[in-house]
Structures are given as C-alpha cells and as structure tokens.
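Report on the following structure.
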Amino acid sequence: MPHLLETLGIVLAVGLLAAAVVLLKDRFAPVSEAAEQREDVAEYIAMMVSVLYALVLGLCMVSVWENRSAAGDHVQAEASALHQTYLLAASLPEAQREPVRATARSYAAHVVDVEWPRMAAHEELRNEGWTLLDRLRVVSEVDDSATDAQKIAAQEVLAQIGYVDDARRGREAAAQETLSPVLWTGLLLGGVLTLAFMFLFGVNRSGGHVFMVMGLAGFIAFTVLLVHQLDSPFGGMFGAPADPFIRYFALERS
Numbered sequence: 008m009p010h011l012l013e014t015l016g017i018v019l020a021v022g023l024l025a026a027a028v029v030l031l032k033d034r035f036a037p038v039s040e041a042a043e044q045r046e047d048v049a050e051y052i053a054m055m056v057s058v059l060y061a062l063v064l065g066l067c068m069v070s071v072w073e074n075r076s077a078a079g080d081h082v083q084a085e086a087s088a089l090h091q092t093y094l095l096a097a098s099l100p101e102a103q104r105e106p107v108r109a110t111a112r113s114y115a116a117h118v119v120d121v122e123w124p125r126m127a128a129h130e131e132l133r134n135e136g137w138t139l140l141d142r143l144r145v146v147s148e149v150d151d152s153a154t155d156a157q158k159i160a161a162q163e164v165l166a167q168i169g170y171v172d173d174a175r176r177g178r179e180a181a182a183q184e185t186l187s188p189v190l191w192t193g194l195l196l197g198g199v200l201t202l203a204f205m206f207l208f209g210v211n212r213s214g215g216h217v218f219m220v221m222g223l224a225g226f227i228a229f230t231v232l233l234v235h236q237l238d239s240p241f242g243g244m245f246g247a248p249a250d251p252f253i254r255y256f257a258l259e260r261s
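The numbering of the sequence shown is this note's numbering, which starts it at 8 and goes up by one.
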C-alpha cells in the first residue's frame, strides 16, 4: 500500500507540474498566429516521435515482464522440487531421513531469509546456498546396505535435487538481469521529447489542452515507474514472492 500511494503521488505531481508549465508558457511565450500556420511539419514530427516512443515502451514492458514471469516460474519449480525431496526422505533408510529433511529446511530458510533480500537489492548471491545444496546431495546418498526400494528412492531424490539446481541457476540469472541501459535511455528520452513537442507546438491554456497535457505527463510517469518496478523481479510491488518456499515449509520453519 505505501508503494501504491507513493506511485500515485508521483503521477499526480508530474501531472500538476505539466499543467503549471503549460500555464507559464502561455503567459510568457504564447504561440503566435504565424507560428500556428507553420505547425504542419511539427505535428508530423511529433506524431512520429509518439509512435516510436510507443514502440520503445512496448519493448521495455515485454522485456521486464518476461523476466518477472520467468523469475516466478523458477521460484515455483525450485520450491516444488525441494518439497518433493523433503517428502521422498520418508523412503530412505531411517538414519538418513532426518538429515535430508533438516538440510532441506535449512536450504528453504536460507533462500527466504538471506537470499531474498539480496536478490531484491540486485546483489550477487554468495555460495552458502550452493553449499547447502551440495550437503543435501551428500546426505541423500545411500550405501550398498540399502534395499532396492530405498536405492530407487535415493535416485529419485537426487533427480529432484537436480531440478532444484536447475531452477536455482535460473533464479540467480533472473535476479541479476535488468533492463538494458539503451532501453532506459530510449524510455526516458522518448517521454521527454513527447512532452516537449506538446509544450513547444500548439498548446495553450485552454482547459482541454491543460487536461490533455496533465493526462499524458501523468501516464508517461506511471509507465516509467511501472517499468522500474517490474525491472526488479524479486523486489518492489510486483516482485516474485517467496511464498512457495514459505507455504511448503511453513510448519517445518515455525
């Protein structure tokens, strides 16, 4: 809720600022009749800038949304495979059941409590998670004294750990991936140019023009903030939550 109120406040402030600029421009630099007659080329250029900006905006939205969606898929796959490992521990030799379960709980707690804040801040993850995963592999191995059923269960456990490994690599990659600086430049520069053309050509202090400029400025500010939020796949309002880990291991971590 605080993030939403902050976003609405920024959008409203940008819209009011744009309206103030329109009123000041009309007061100190009104558009002359001669200038109005030469605006055909300016309107064409403004239209082309708007179309190109819409394309850049769409590309930015697709890029950040795909990364956010992939991040959520990796989290779900990793938590699900880890939970399957925890459940399959019941089929292992008795001496290995609790070590496997305890290591799985430790891994889930480490992901939620340690790695999630670092991913939200786009910080690089350390090796503790991989160390816990390697320990989980070691405690899941059975010796020759195990029964055939237990050996089959151990193979399935190792397969699930492999799925955890793959999903973890995808999660780490998603946490480090951000929108290209080139796209950020196009997004910000395109918004500035789009508004600048409105301020420079054909805008006066009529109620319709003021409302139009306020709406466009506020919408551009909203889209830029939306891209910024989505560009953090594990943080902000739209970041992938750690709910799958918490849900699967809530009782074990309590």
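Even for Gly, the Cβ is constructed at its ideal location relative to N, Cα and C.
Would you kindly work out how many angstroms separate the C-alpha atoms of His-90 and Leu-195, rounded to a whole number? Rounded to the nearest whole angstrom, the C-alpha separation of His-90 and Leu-195 is 43 Å.
Assign Pro-251 to one of two classes, buried (16 or more other C-beta atoms within 10 Å of its C-beta) or exposed (fewer than that). With 16 or more Cβ atoms within 10 Å of its Cβ, Pro-251 is classed as buried.
Please classify Gly-246 as buried or exposed, where buried requires at least 16 neighbouring CB atoms within 10 angstroms. With 16 or more other CB atoms across the displayed protein chains lying within 10 angstroms of its CB, Gly-246 is buried.
Whole angstroms are fine: how far does the CA of Leu-233 sit from the CA of Leu-139? Roughly 36 Å separates the two Cα atoms.
On the CB-based measure, 16 or more other CB atoms within 10 Å of its CB, does Asn-74 come out buried or exposed? Label assigned to Asn-74: buried.
Among Pro-240, Asp-151 and Gln-162, which residue has its Cα nearest to the Cα of Leu-95? It is Gln-162.
Is Gln-183 buried or exposed, if buried means 16 or more other CB atoms sit within 10 Å of its CB? Exposed.
Could you round the C-beta distance between Gln-157 and Pro-100 to whole angstroms and report it? I think they count as a contact, below 8 Å. Indeed they touch by this definition, with Cβ atoms about 6 Å apart.
Determine the burial state of Gly-225: buried for a count of at least 16 other Cβ atoms within 10 Å of its Cβ, exposed for fewer. With 16 or more Cβ atoms within 10 Å of its Cβ, Gly-225 is classed as buried.
Taking 7 Å as the cut-off, decide whether the C-beta atoms of Ser-3 and Leu-186 are in contact. Since the first residue of the chain shown is 8 and the last is 261, residue 3 is not available in this structure.
Assuming Arg-108 is part of the alpha helix (DSSP H), what are its boundary residues? DSSP places Arg-108 inside the alpha helix (DSSP H), whose first and last residues are 101-117.
Report the start-end ranges of each alpha helix (DSSP H) in the region 144-202 that is 4 residues or longer and not cut off at the edges. Whole alpha helix (DSSP H) segments, 4+ residues: 155-183.
Taking the continuous alpha helix (DSSP H) assigned at Phe-252, which residues delimit it? In the DSSP annotation of this structure, the continuous segment of the alpha helix (DSSP H) that includes Phe-252 starts and ends at 250-255.
Select from Gln-83, Ala-111 and Arg-175 the residue whose C-alpha is nearest the C-alpha of Tyr-93. Ranking the options by Cα distance to Tyr-93, first place goes to Ala-111.
I need the straight-line Cα distance from Pro-133 to Val-118, nearest angstrom please. Per the sequence shown, the amino acid found at residue 133 is Arg instead of Pro. Taken atom to atom, the span from the alpha-carbon of Arg-133 to that of Val-118 is near 11 Å.
Go ahead and label Leu-62 buried or exposed: buried means 16 or more other beta carbons lie within 10 angstroms of its beta carbon, across all protein chains shown. It is exposed - the Cβ of Leu-62 has fewer than 16 other Cβ atoms within 10 Å.
Could you give the distance in angstroms between the alpha-carbon of Met-55 and the alpha-carbon of His-81? A direct Cα-Cα distance of roughly 39 Å separates Met-55 from His-81.
Kindly indicate which three-state DSSP category Ser-57 falls into: helix, strand or coil? The answer is helix: DSSP assigns Ser-57 an H, G or I state.
Taking all protein chains shown into account, do 16 or more other C-beta atoms lie within 10 angstroms of the C-beta of Arg-175, making it buried, or fewer, making it exposed? By the 10 Å Cβ count, Arg-175 comes out buried.
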